[in-house]
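Each residue of the first sequence is one higher than the one before, starting from 259 at the first, in my numbering.
Backbone N, C-alpha and C define an ideal beta-carbon position, used for all residues, glycine too.
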Amino acid sequence: MPGERYDPQEIEPRWQQLWADERTWEVSNVDDGRPKSYVLEMLPYPSGEPHIGHLKVYSVGDAIAHFRRRNGHRVLHPLGYDAFGLPAENHAIRTGRHPRQSTEESIAEFQRQFRRWGISIDWSREFGTHEPSYYRWTQWLFLRLFEAGLAYRDQAAVNWCPKDQTVLANEQVIDGRCERCGTAVEKRDLEQWFFKITDYADRLLDDLDTIDWPQHVVTMQRNWIGRSEGARVTFHCDALDTDYEVFTTRPDTLFGATFFVMAPEHPDVLRLSDSSEVTEYVRRSQTESAEDRGAEDKEKTGVALGATVANPVNGEQIPMFVADYVLMEYGTGAVMAVPAHDTRDFAFAEKHGLEIRRVVEGGHELPYTGDGPLVNSQRFDGKDNREALAEIIAWLGEDGRGEPAVNYRLRDWLLSRQRYWGCPIPVVHCPTDGIVAVPDDQLPVELPDVEDYAPKGRSPLAAAEDWVNTTCPKCGGPARRETDTMDTFVDSSWYFLRYTDALNDQAPWGRDVVDEWMAVDQYIGGVEHAILHLMYARFFVKALADLDLLSAQEPFDALFTQGMVTRDGAKMSKSKGNVVSPRDLVESHGADTARCYILYVGHPAEGGDWSDDGIEGIHRFLQRLYRAAEGMQAGSVEPEGEPSDLVRKAHWAIDKVTRDLGERFATHTSIAAVIELVNDLYRQRDQVDASHVRFAVATAASLIFPFAPHLGSELYERLTGDRVWETPWPVADPALLQSETFELIVQVNGKLIDRVAAPTDVERDEQERLARASTKLAARVDGGEIVKTIVVPGRLVNFVVQ
RNA sequence: GCGGAUGUGGUGGAACUGGUAGACACGCGGCGUUCAGGUCGCCGUGAGCUAAUCACUCGUGGAGGUUCGAAUCCUCUCAUCCGCACCA
């Protein structure tokens, strides 16, 4: 059948123009009685042009946004750009162009393509985090946290990337390597800026129970926070007349502590011993990369310090060591070693010939890390170790030798970066007043344009003398600006708050407005942000709520993590040459086809494998739908007379899409349902009333709209004269969801043997009678006996035959 | 090592609370339209056994189990993927 051609290149820009001209997707902050719904995709990092992952996340988010609008919600669906950051800067250095220039070009390309995809964005709220009108408020928020003591400067052993020439947060170190460039990270002792996220560890943990997030993301956050309960125990060292505290989760094994170990970074190591052996060991472990030091089966090296500490439970003097298997950044940087019941201490004791003393019974050999009754533990002998644990803590507590304690893996968020392309930290260093906040009315502290922004181990801003030299806001004397910039994750920790009131130039947001929209009802993005961004944003919201700047306790009520689109089972990457560019796709097949296909290959939460042939199938389907409306004029789409199977199928499709999309984001089965409807329409259109065909086409257009908004709008308007996005989401008539008969399944011993037609409202006894009447049943029973009959009403009858 | 997820036709994937395994699509095959190919329309397509779209048997990574009935629940096991990893 030749006929009209489906031409997305003509249809799609026409609707995009209309939506832009009429500002269709802009939403007011004024409550109009409809329930609000804040739908948000994680903001893109503008680098180059959008890739297939962007197309996917916006295809999912846009389907949800459209669905909620047509279900009566007032939907906020904004977009912005995470414009500051290392990749943009590195790219700029490579190409010799200013990061502002290349970032803004990239943003322009993203804007062009997002519009060409027909995403329903409220463009009036758009911003880039690199714009002074945005980062002015990033600085303002930093100062509020600074005033509250939640942003502080401290000297610490921090992660340093020698390639990017900057410090990194713990979260940005993956397997001992820089998250961005893959270079092995070094430890450096530097003075840096931190956010006190550890103050919020318990709340970040507890409130995970209040949000609807994928289980695996919740688990990852739990593990990252890494709360462990135990005790802090004091060991006295006579040599320096000092008390050393250690954290332990196993105070029940204290009687088995036979030595004591300090991290090489521990400040007292060199005070305890200045032997060349110790000095050399400390020097060596500090130059070793984090990766090598953390290697799995690394030998347990270490050196004796020649001093002892007293075990508080029995007064025994136990030898002290320095060893790199103890980490300065966890606990107190010193541990009591119980070789009989800890695999690491055991390995160290074996290598260095130290005493191994069993204090918990159980297991065939040592080390034994399980539970059991205590031995060699004086008055606690014979007690179950778990019970004794609390008793020992209480006993130590009587004279201050120990107390219950909780320790976390989570460490404070290191936010300063020695890089150019980021938000300046708004403080000055004054010789008399120290660190002084820049007053609010002098914000933003603008990022100056510098010629040379290459990394040099200190911020490139330090070279901008005119900018650096300033006056102290407090005393008016000469002072120098802070030259470090902020981690980009600071920018993205509050952007969703700014969307609510993006044009406000008096405050980051109006309190009423932010409370009206927050929290984000549905957040959509990649699982790669499970820890970094999602933890930081949660911290920000909690901290800002404590400062009474907003009411929400959590930023994202519900989270949807989309899976990665692969090709031939492998991740798309430039080096493999298997990248599919959204731009090419939209040019060759149109945005509707590209969006539908990506939502059709599988459940969007899972990965989907790209296939060049597969997309043709979806394109064919959209063409078929388009051609089904050929020659139709605007008019009624109400089916007349008795409902046909086609009308029933349309109601079935309405019900299916409503539940699949609305309840479980199952875009793939939603689209499949519309395909089924269109297939039935082609098969049955010559046998049913013309009004039924019109109803089926209009229904298909209405249902495909969240996935293919241009074609949905085009066909719906052609048939009804109405705008589909202003039309409420269709409701299935329950009476039409059932046909008059159903296929009754007849089973023998659970195996299907026959299907017979039965009335939908059949009585239980009648259903069994109909099944019993099956001719195939007699042959099956043959000689045997029906000992039991199971009737599942409206479904099947199972005969148990012996 | 610890934690989590996933295994279904030639392929991507369906199957809601245990109740017709394989929806829908790709691919493949057939018929029609066409000089032909493509497009388009219709039909078929898990495997085995068959002349057969009669019937029967097998079948959801593997082995057991619970149940009238298991892709779905339980136990063990294998494989793949993802997090964390000397965290005391």
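Counting only runs that start and end within the region 841-866, where is the beta strand (DSSP E) found for 3 or more residues in a row? DSSP assignment within the region 841-866 yields no whole beta strand (DSSP E) run of 3 residues or more.
Tell me the rounded alpha-carbon separation between Gly734 and Pro689. One C-alpha to the other measures close to 11 Å.
Drop a sphere of 10 angstroms on the beta-carbon of Val823, count the other beta-carbons inside from all chains shown, and report buried for 16 or more, exposed for fewer. Residue environment: Val823 is assigned as buried (16 or more neighbouring CB atoms within 10 Å of its CB, all protein chains considered).
Whole angstroms is fine: what's the gap from Ala948's alpha carbon to Glu898's? One C-alpha to the other measures close to 9 Å.
Indicate whether Tyr753 and Thr387 have their beta-carbon atoms separated by less than 8 Å. The answer is yes: Cβ separation under 8 Å.
How is Gly261 classed by DSSP in three states: helix, strand or coil? Here Gly261 scores only 49 on pLDDT, less than 50, and its place in the model should not be relied on; the value that follows carries that caveat. In this structure, Gly261 counts as coil in the three-state DSSP scheme.
Note the first and the last residue of the continuous alpha helix (DSSP H) segment covering Ala795. Annotation: the continuous alpha helix (DSSP H) that includes Ala795 extends over 790-804.
Do Val844 and Arg374 count as a contact pair if the criterion is CB distance below 8 Å? Going by C-beta atoms, Arg374 is nearer than 8 Å to Val844.
Sort Ala1037, Asp1040, Gln1060 by Cα distance to Thr1047 and report the nearest one. Ranking the options by Cα distance to Thr1047, first place goes to Gln1060.
Where does Arg490 land, buried or exposed, given buried means 16+ other C-beta within 10 angstroms? Taking all protein chains shown into account, Arg490 has 16 or more neighbouring C-beta atoms within 10 Å of its C-beta and is therefore buried.
Under 8 Å, do Ser717 and Arg756 count as touching if we go by C-beta distance? No, they are not a contact pair.
Can you name, in chain order, every residue of its own chain whose Cβ lies under 7 Å from the Cβ of Pro472, other than the five neighbours on each side? So the list reads Leu817, Thr819, once near-sequence residues are dropped.
Closer than 8 Å by C-beta to Pro260: which residues in its own chain qualify, once you throw out the five before and the five after it? Chain order, please. Unreliable positioning characterises Pro260 in this predicted model, as indicated by a pLDDT of 38, which lies under 50. The coordinate reading is nonetheless provided below. Leaving aside the five residues that flank Pro260 on each side, none in its chain has a CB nearer than 8 Å to its CB.
Considering only DSSP beta bridges, list what His494 is partnered with. Its beta-bridge partners are Asp501, Ala568.
Coarse secondary structure for His687, derived from DSSP in three states: In the structure shown, His687 falls within a strand segment according to DSSP collapsed to helix, strand and coil.
Decide if the region 438-458 is in contact with the region 412-424; the criterion is three or more beta carbon pairs, one per stretch, under 8 Å apart. As far as the Cβ criterion goes, the region 438-458 touches the region 412-424, which means the pair count is three or higher.
Would you call the region 324-342 and the region 977-985 in contact, with 3 or more CB pairs under 8 Å? They touch, by the three-pair rule.
Compute every distance between the C-beta of Thr387 and the non-hydrogen atoms of the ligand ZN, then say whether any falls below 7 Å. This structure lacks the ligand ZN, and indeed carries no ligand of any kind.
Best match in Ala581, Gly514, Ser531 for proximity to Glu613 [C-alpha to C-alpha]: Of the candidates Ala581, Gly514, Ser531, the one whose C-alpha sits nearest the C-alpha of Glu613 is Gly514.
Excluding five sequence neighbours on each side, which residues of the same chain lie with their C-beta closer than 7 Å to the C-beta of Asp639? Excluding residues within five positions, the ones whose Cβ falls inside 7 Å are Leu632, Val633.
Let's test the definition: count the other Cβ atoms within 10 Å of the Cβ of Gln479 and tell me whether it reaches 16, buried, or not, exposed. It is buried - the Cβ of Gln479 has at least 16 other Cβ atoms within 10 Å.
Should Val540 and Gly560 be called a contact, given that it needs their Cβ atoms to be closer than 8 Å? Taking 8 Å as the cut-off, the Cβ atoms of Val540 and Gly560 do not count as close.
Are there three or more Cβ pairs, one per stretch, closer than 8 Å when the region 302-315 is compared with the region 332-347? The region 332-347 and the region 302-315 touch, with three or more beta-carbon pairs separated by less than 8 Å.
If you draw a straight line from the C-alpha of Ala801 to the C-alpha of Ser674, how long is it? Approximately 19 Å between the Cα atoms of the pair.
So what's Lys907 in DSSP terms, helix, strand or just coil? Three-state result, Lys907: helix.
Does the Cβ-Cβ distance between Leu815 and Ala777 come in under 8 Å? Strictly speaking, residue 815 in this sequence is Asp, with Leu absent from that position. Yes.
Does the region 926-941 come close enough to the region 903-915 to have 3 or more Cβ pairs within less than 8 Å? Judged by Cβ distances under 8 Å, the region 926-941 makes contact with the region 903-915, as three or more pairs qualify.
Would you mind giving the Cβ-Cβ distance between Ala321 and Leu857, rounded to the nearest angstrom? I have them listed as a contact below 8 Å. Rounded, the Cβ-Cβ distance is 7 Å, consistent with contact.
When the Cα atoms are used, what is the spatial distance from Met520 to Asp496? Roughly 16 Å between the two C-alpha positions.
Leu670 and Phe452 look like a contact to me (Cβ under 8 Å); what is the Cβ gap, rounded to whole Å? With the sequence shown as reference, residue 670 is identified as Asp, and Leu is not the correct amino acid for it. Going by Cβ atoms, the distance from Asp670 to Phe452 rounds to 4 Å, so yes, they are a contact pair.
Name the DSSP beta bridge partners of Pro662, please? Residue pairing by DSSP puts Pro662 in a beta bridge opposite Ala489.
Which word fits Asn1056, buried or exposed, when buried means at least 16 other C-beta atoms lie within 10 angstroms of its C-beta? Per the 10 Å Cβ criterion, buried.
Under the three-state DSSP convention, the category Glu538 falls into: Here DSSP, grouped into helix, strand and coil, assigns Glu538 to helix.
Give the straight-line distance between the Cα atoms of Thr851 and Pro336, rounded to the nearest whole angstrom. If you take the alpha carbons of Thr851 and Pro336, they lie about 23 Å apart.
Going by Cα to Cα distance, which pick from Ser378, Val288, Thr361, Glu307 is closest to Ala278? Ranked by Cα distance from Ala278, the first of Ser378, Val288, Thr361, Glu307 is Ser378.
Short of 6 Å in beta carbon distance, which residues of its chain neighbour Phe604, apart from the five on each side in sequence? Order them along the chain. Close CB contacts of Phe604 within its chain, under the 6 Å cut and outside five residues either way in sequence, are with Pro597, Pro625 (chain order).
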